[in-house]
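Notes follow once the structure below has been shown.
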Amino acid sequence: VQLQASGGGLVQPGGSLRLSCAVSGSIYSIGAMGWYRQAPGKQRELVATSGRDGRLNYADSVKGRFTISRDNAGRTVYLQMNSLKPEDTAVYSCNAVNRINGNHYWGQGTLVTVSS
420 VQLQASGGGL VQPGGSLRLS CAVSGSIYSI GAMGWYRQAP GKQRELVATS GRDGRLNYAD
480 SVKGRFTISR DNAGRTVYLQ MNSLKPEDTA VYSCNAVNRI NGNHYWGQGT LVTVSS
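Counting from 1 along the sequence shown, just add 419 to a position and that's the residue number in the working numbering.
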């Protein structure tokens, strides 16, 4: 299983970006998928997750602004980010959990910079 993230970039405060993460390989074992981020000098933190059962979870800091979704095939997870703030600046990484053995798969990070 490999994850390929895309969609980062530079955006002004208040703007929007959409991140995508495509899964290649067998998706049979994939359970929850999600996004994490790491800002300079800070620890990685959870942004949002989407369970195989459709359950969604968001960090308090992004609730009402970010939306996570998955395509029907379960091969792509998206993160729609609206009303972006400078404090959202970070490297965003997608994650998938193997529901059989609990292993985590990570995509490469994509940099989101929110600045005027």
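The C-beta atom is built at its ideal place from N, Cα and C for all residues, glycine as well.
Here the structure is a predicted model, which is why all the values come from computation and not from measurement.
CB of residue 467 within 8 Å of CB of residue 436, strictly: no
Residue 512 beta carbon less than 8 Å from that of residue 528: Yes.
Rounded distance between the beta-carbons of residue 429 and residue 532, thought under 8 Å: 5 Å
Residues near residue 520 in its chain [Cβ-Cβ closer than 8 Å; skip 5 each side]: 448
Closest residue to residue 434 among 491, 507 and 421 (Cα-Cα distance): 507
Supposed contact pair residue 443 and residue 453 - C-beta distance, whole angstroms, cut 8 Å: Actually they are not in contact, since the Cβ atoms of residue 453 and residue 443 sit about 18 Å apart, beyond 8 Å.
Closest Cα partner of residue 534 within the set 424, 426 and 432: 432
DSSP state of residue 533 mapped onto helix, strand, coil: strand
Extent of the continuous beta strand (DSSP E) to which residue 522 belongs: Here residue 522 belongs to no beta strand (DSSP E), and DSSP marks it neither H nor E.
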